[in-house]
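Going by numbering that gives the first Met the number 0, the sequence shown wraps up at 458, each residue one higher than the last. All residues carry an ideal CB built from backbone N, CA and C; glycine is no exception.
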Amino acid sequence: MSLWAGRFKEEMHPLVKEFTYSAAIDKKLYKFDIEGSIAHVQMLAKCGIIANEDSERLVSSLKKIQEDIEKGKIDFSGKEDVHMAIEEELIKREGKIGEKIHTARSRNDQVALDEKLYIREEINKILSLIDDFQKVLIKISEANKDVVLPGYTHLQYAQPISVAQYLLAYFWMLQRDKERLKDCYKRVNICPLGVAAIAGTSLPIDREYTAKLLDFSGITENSVDTVSDRDYIIEFLNFASIMMMHLSRLSEDIVLWSSPCFNFIEIRDSFATGSSIMPQKKNPDVAELVRGKTGKVYGALISLLVTMKGLPLSYNRDMQEDKLPLFQSVEEIKICLRVLTKLLENIKINAEKMRKEAEKGFFAATDLVEYLVKKGVTFRSAHRTVGQIVSYCIEKGKTFSNLTLQEYRNFSPFFEPDIRKKINLDFCVKNKESKGGTGTKSLEYQIKLAKKYLETQNE
Ligand code: ARG
């Protein structure tokens with residue numbers, strides 16, 4: 000018999016059970032359900048709604064139930080959801096006293112509480128995984144400051160940059176991801192418990208007390224909003240989607256760069272995969288799967304947005320469908336962060352090949368323009384002149400470095416012998432000292448700042 004059997008004259012049809020029951024999925028929340036229940040009964044006792052002895056008994060029984068769940072002694076099959084399963088177990092063990100636990104509470108506020116406790120814990124784990132990732136990015140950046148990479152725009156040779164400048168781009172992306180996640184945490188960390196089904200309760204509860212016991216920073220202000228709200232999951236999945244987009248772009252570069260067409264990097268055997276038919280193959284499956292799983296996380300975000308958009312206030316059972324996408328996204332982003340961090344550490348950078356490619360494609364064209372600008376030529380005119388030089392080189396099969404000074408001067412009288420060293424590859428990377436640029440000092444400053452962010456953010 001179900002806990003609500005009073006109003007019903009028939010048992011639930013097995014098909015309806017099969018269709019509506021969610022314990023197989025939401026049992027993952029058992030620990031948080033029990034933590035919330037313990038705080039709830041302690042609050043009920045403090046407010047004189049249940050006796051202290053009852054509260055003590057319920058608390059110890061709930062703890063015992065948790066141990067038994069962890070020992071695999073409690074069967075969730077055939078239970079409607081995690082909340083009902085635990086309440087039923089408590090009533091089985093404590094009889095009438097157990098029947099008091101759901102006083103001034105509904106599953107509508109209870110499920111929101113469980114989810115918030117779960118997300119809160121996961122946010123802390125994810126923040127530390129992002130930190131680990133950022134540390135590796137800094138480490139590899141520092142070790143490769145002098146390695147020159149052909150920077151691309153439109154996947155065409157653009158300007159040479161330091162490999163560190165490239166890698167640190169991801170540091171800052173992840174930094175923003177962390178900021179988004181911390182911001183999301185602020186709203187996750189507001190306690191929904193005690194709004195009951197939709198209206199609040201006439202019993203003299205103390206919601207602030209429960210919130211304090213559970214270490215929340217405050218309580219929600221409107222009972223209808225509280226049981227209708229899944230913003231905190233949508234915000235989390237929004238963070239997750241954006242972060243996965245970042246990881247996916249890095250993965251894409253790893254896929255491209257490890258291909259023989261680029262040959263910029265080599266993935267260690269232990270982090271690569273082979274082919275079942277082509278013996279020569281070495282594939283970047285780890286990066287491909289991170290890229291692939293990104294779609295799944297976007298799917299989770301879209302799925303919940305669509306689930307919520309047409310729901311009348313307040314709680315609707317549709318909202319039960321929030322859990323699988325949430326749980327799956329949390330697991331996917333954690334493993335993606337972990338595996339990508341390790342993958343980065345297991346990549347060999349082929350500096351020679353990068354340099355060879357960086358030398359191609361008139362990499363110093365913009366530097367030639369800036370050379371003329373420094374001599375007083377207007378930017379547009381300098382741009383035109385260098386464009387003509389490039390076109391001349393293509394025609395004659397020449398490069399900037401094998402043009403004679405006279406040839407340069409045929410295009411502009413401002414060219415002087417010092418032009419030679421201005422078109423040196425390393426020089427072109429190291430002299431971009433504007434803030435945020437790939438220049439030597441600029442890059443050093445950036446690394447210092449990145450390290451400072453990592454040290455101070457967790458205070
Ligand atoms: N299993 C439900 C869910 O996840 C719990 C809340 C159910 N509330 C209700 N009134 N049926 O959303």
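By the CB criterion at 8 Å, Ser302 and Pro283 fall outside the cutoff.
Rounded to whole angstroms, the separation of the alpha carbons of Leu28 and Leu236 is 18 Å. Straight across, the Cα-Cα distance linking Lys450 with Thr19 is about 50 Å. Approximately 6 Å separates the beta-carbon atoms of Ile348 and Asn143; this is inside 8 Å, confirming the contact.
Cβ contact annotation for Thr272 (same chain, cutoff 7 Å, sequence separation greater than five): Asn282, Asp284, in chain order. The C-beta separation of Cys183 from Phe238 comes to about 6 Å, placing the pair in contact by the 8 Å criterion.
The straight-line gap separating the alpha-carbon atoms of Thr365 and Ile393 is approximately 17 Å.
The alpha carbon of Glu320 has as its nearest neighbour, out of Gly77, Leu300, Cys335, the alpha carbon of Leu300.
When DSSP states are grouped into helix, strand and coil, Ala195 belongs to the coil group. Separation of Asn262 and Tyr452 (C-alpha to C-alpha, rounded to the nearest whole angstrom) is 33 Å.
Residue pairing of Ile266 in beta bridges, as defined by DSSP: Ile346. Residue burial is scored here from C-beta neighbours: Lys177 has at least 16 other C-beta atoms within 10 angstroms and is therefore classed as buried.
With respect to the C-alpha of Ser60, the residue from Arg92, Val428, Met11, Leu255 having the closest C-alpha is Arg92. About 54 Å separates the Cβ atoms of Leu167 and Glu87, ruling out a contact at the 8 Å cut-off. DSSP, read as helix, strand or coil, puts Leu126 in helix.
In the three-state reduction of the DSSP assignment, Gly438 falls in the coil class, being assigned neither a helical nor a strand state. Burial check for Ile266: the Cβ neighbour count within 10 Å reaches 16 or more, so the residue is buried.
With a beta-carbon spacing of about 7 Å, Thr102 and Ile49 fall inside the 8 Å limit used to define contacts.
Taking a C-beta distance under 8 Å as the contact criterion, Leu404 and Thr384 do not qualify as a contact pair.
At a threshold of 7 Å, Gln174 does not count as near ligand 1, since its beta carbon sits no closer than that to any of the ligand's heavy atoms. When only Cα atoms are considered, Phe215 and Arg229 end up about 17 Å apart. When only Cα atoms are considered, Ala198 and Ser227 end up about 12 Å apart. A heavy atom of ligand 1 is found nearer than 7 Å to the CB of Asn107.
For Asp25, the Cβ falls inside the 7 Å cut-off from some heavy atom of ligand 1.
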